[in-house]
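In what follows, a structure is listed as structure tokens, so that the remarks can point back to it.
There are 2 protein chains.
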Amino acid sequence: MAGEGDLDERSETQEAIMEATYSALQKCGYADLTIQAIADEFAKSKSLLYYHYDTKDDLLVDVLMDSLDRLSVEETVDASKPPQAQLETFLDNMLPATLDEDDRAFRVTIVELRAQAPMDEAYREQFARADRLVRNTLTEILDGGIETGDFRDIDVPYTVDLLLSLVEGAITRHLVTSEEATVDARDTVDRYLEANVYAG
Amino acid sequence: MAGEGDLDERSETQEAIMEATYSALQKCGYADLTIQAIADEFAKSKSLLYYHYDTKDDLLVDVLMDSLDRLSVEETVDASKPPQAQLETFLDNMLPATLDEDDRAFRVTIVELRAQAPMDEAYREQFARADRLVRNTLTEILDGGIETGDFRDIDVPYTVDLLLSLVEGAITRHLVTSEEATVDARDTVDRYLEANVYAG
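Chains A and B are the protein sequences, given in the same order.
To convert, note that position 119 of the first sequence is 118 in our numbering; the numbers rise steadily by one, no gaps.
To convert, note that position 3 of the second sequence is 2 in our numbering; the numbers rise steadily by one, no gaps.
Here it is in structure tokens:
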């Protein structure tokens with residue numbers, strides 16, 4: 000299995016396995032997912048799947064790691080831009096105002112894998128790692144904005160925790176209650192920032 | 000199946016089915032749940048399960064409705080108490096500062112069922128209904144507090160949306176990243192209320 004540090008070295012086969020697993024997950028859902036369903040989406044031979052992964056769960060934890068790396072936005076945020084633009088990029092990634100079909104399918108997969116975490120330590124570790132990464136990125140953005148005076152002199156750990164829970168709750172509430180492509184909640188977050196974070 | 004209005008009339012058998020399903024869900028998780036696993040937790044005959052429910056999914060949607068009614072806090076909040084006490088009761092239900100084993104198991108079940116909602120309209124309808132109920136309760140509490148002057152003259156729909164997403168995100172982030180019994184996030188919500196909602 001690919002570890003945290005060797006994502007760049009992930010082979011083409013492993014990439015194809017990831018893609019096949021995403022497709023299968025989006026067709027079947029986690030509850031009905033089988034190795035066969037993944038193999039059906041996979042252009043290469045099924046034995047390759049077993050060569051790379053001992054069990055369906057090993058595979059899914061790796062897919063989860065890959066998913067969370069896609070969601071972790073450290074590389075998306077350009078530190079040379081003004082703090083407010085960085086924060087907007089961060090939020091555009093975490094809580095887009097509209098979800099196209101692929102975005103939505105990807106988020107739904109995350110919600111499904113997330114539901115395994117309370118019972119499964121390997122999943123929980125991946126989500127805890129992703130939470131740390133995102134927290135670090137947001138902390139840097141907020142610290143930077145306070146330094147430049149673009150943001151008020153806020154309590155950073157408190158604001159980071161509030162924003163991450165708010166964003167997480169907003170996207171989940173949207174996915175579990177509605178089919179709409181538009182996520183109204185982004186407006187709520189923006190209003191919070193205007194009222195509490197952005198300077199004058 | 001029991002409808003929204005006849006919860007009080009739910010028979011003893013149906014209650015026993017609900018309890019058996021909770022136990023089975025907490026043992027197997029949603030992905031591995033079978034009618035047999037529910038029957039194993041059920042003191043009465045398996046045929047009774049089929050008499051009341053055509054499919055496992057019918058049963059689970061009913062369990063979900065029951066779960067969400069347990070979470071919906073309208074009856075817990077005492078409208079004769081001061082607004083701040085009402086809001087604290089509301090939050091104690093939605094985001095308790097500590098989770099005992101039963102609380103945790105119940106929340107984990109909700110997270111699992113929630114993960115089905117994006118793919119399944121019957122689940123989505125139940126979550127949308129629960130969201131409306133909780134939103135109404137919180138709206139009444141906030142309106143009441145503004146009227147008495149205990150709360151600032153806040154924008155109620157905005158604050159309701161922010162608080163519900165914050166609480167939802169906080170409990171989910173806790174469950175998917177940690178095994179701790181203590182939910183730190185409650186402090187974040189309380190600080191938000193001090194800074195933005197409670198008067199003077």
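Beta carbons: idealized from backbone N, C-alpha and C, even for Gly.
One Cα belongs to Pro117 (chain B), the other to Gln13 (chain A), and the distance between them is close to 28 angstroms. Identification of chain B residues near Leu174 (chain A) by a Cβ-Cβ cut-off of 8 angstroms yields Ala116 and Pro117, ordered along the chain. The shortest C-alpha to C-alpha distance from Ile109 (chain B) to any of B:Val133, B:Arg69 and B:Asn135 is the one to B:Arg69. Contacts with chain B at 8 angstroms (Cβ-Cβ) include Phe126 (chain A).
When rounded, the separation of the alpha-carbon atoms in Tyr52 (chain B) and Val182 (chain B) is 37 angstroms. Runs of the alpha helix (DSSP H) lying entirely within the segment 47-93 of chain A and spanning at least 4 residues, in chain order: 55-70 and 82-93. Taking CB atoms only, Gly168 (chain A) has a neighbour in chain B less than 8 angstroms away. Against Leu165 (chain A), the close residues of chain B are Leu161, Ser164, Leu165 and Gly168, in the order they occur along the chain (beta-carbon pairs closer than 8 angstroms).
Non-local C-beta neighbours of Phe150 (chain A) in its own chain, meaning closer than 7 angstroms and more than five positions away in sequence, comprise Pro82, Leu141, Gly144, Val196, Tyr197 and Ala198, ordered along the chain. The contact set of Ser22 (chain B) on chain A, defined by CB atoms closer than 8 angstroms, is empty, because the minimum CB distance reaches about 15 angstroms. Taking C-beta atoms under 8 angstroms as the contact rule, Val133 (chain A) and Leu163 (chain A) qualify, at a distance of about 6 angstroms. Closest in alpha carbon position to Gln125 (chain B), among A:Ala121, A:Ala36 and A:Arg172, is A:Arg172. Per the DSSP secondary-structure output, Tyr197 (chain B) pairs in a beta bridge with B:Phe150.
The beta carbon of Tyr197 (chain A) sits no closer than 8 angstroms to any beta carbon of chain B.
If you check each beta-carbon in the segment 47-61 of chain B against every beta-carbon of chain A, none falls closer than 7 angstroms. When the beta-carbon positions are compared, Ala180 (chain B) and Thr88 (chain B) stay at least 8 angstroms from each other.
Its chain contains Ala19, Lys45 and Leu48 as the residues whose beta carbon lies nearer than 8 angstroms to that of Ala38 (chain B), once the 5 sequence neighbours on both sides are disregarded; these appear in chain order. Closest in C-alpha terms to Gln115 (chain A), from the list B:Ala184, B:Gln25 and B:Asp77, comes B:Gln25. Counting the other CB atoms within 10 Å of its CB gives Glu193 (chain A) a total below 16, which places it among the exposed residues. By the neighbour-count criterion, in which a residue is buried when 16 or more other Cβ atoms sit within 10 angstroms of its Cβ, Ala42 (chain B) is exposed. Thr158 (chain B) sits in a helix when the DSSP states are folded into three classes. Here DSSP, grouped into helix, strand and coil, assigns Thr12 (chain A) to helix. In the structure shown, the three-state DSSP call for Thr181 (chain B) is strand.
For Thr108 (chain B), the enclosing alpha helix (DSSP H) begins and ends at Glu100 to Arg113. Arg185 (chain A) is classed as buried because its beta carbon has at least 16 other beta carbons within 10 Å across all chains shown. Close CB contacts of Glu40 (chain A) within its chain, under the 6 angstroms cut and outside five residues either way in sequence, are with Ala19, Ser22 and Ala23 (chain order).
The three-state secondary structure of Thr33 (chain A), taken from DSSP, is coil.
Annotation for Ala104 (chain A): Gln25 place their beta carbon closer than 7 angstroms to its own, counting only its chain and skipping 5 residues before and after. Taking each of A:Thr176, A:Val175, A:Glu11 and A:Val166 in turn and checking the Cα distance to Leu90 (chain A), the smallest one comes out for A:Val166.
For Asp189 (chain B), none of the residues of chain A pass the 7 angstroms Cβ criterion, the least Cβ distance being about 11 angstroms. Chain-order list of chain B residues neighbouring Glu111 (chain A): Ala114, by C-beta distance under 7 angstroms. Around Asp152 (chain B), the same chain offers Ile145 as residues with beta carbons nearer than 8 angstroms, after the five sequence neighbours per side are excluded.
In this structure, Val159 (chain A) and Thr138 (chain A) form a Cβ contact; the two beta carbons are roughly 5 angstroms apart against a cut-off of 8 angstroms. Of all residues in the segment 123-154 of chain A, only Arg123, Phe126, Ala127 and Asp130 place a beta-carbon less than 7 angstroms from a beta-carbon of chain B.
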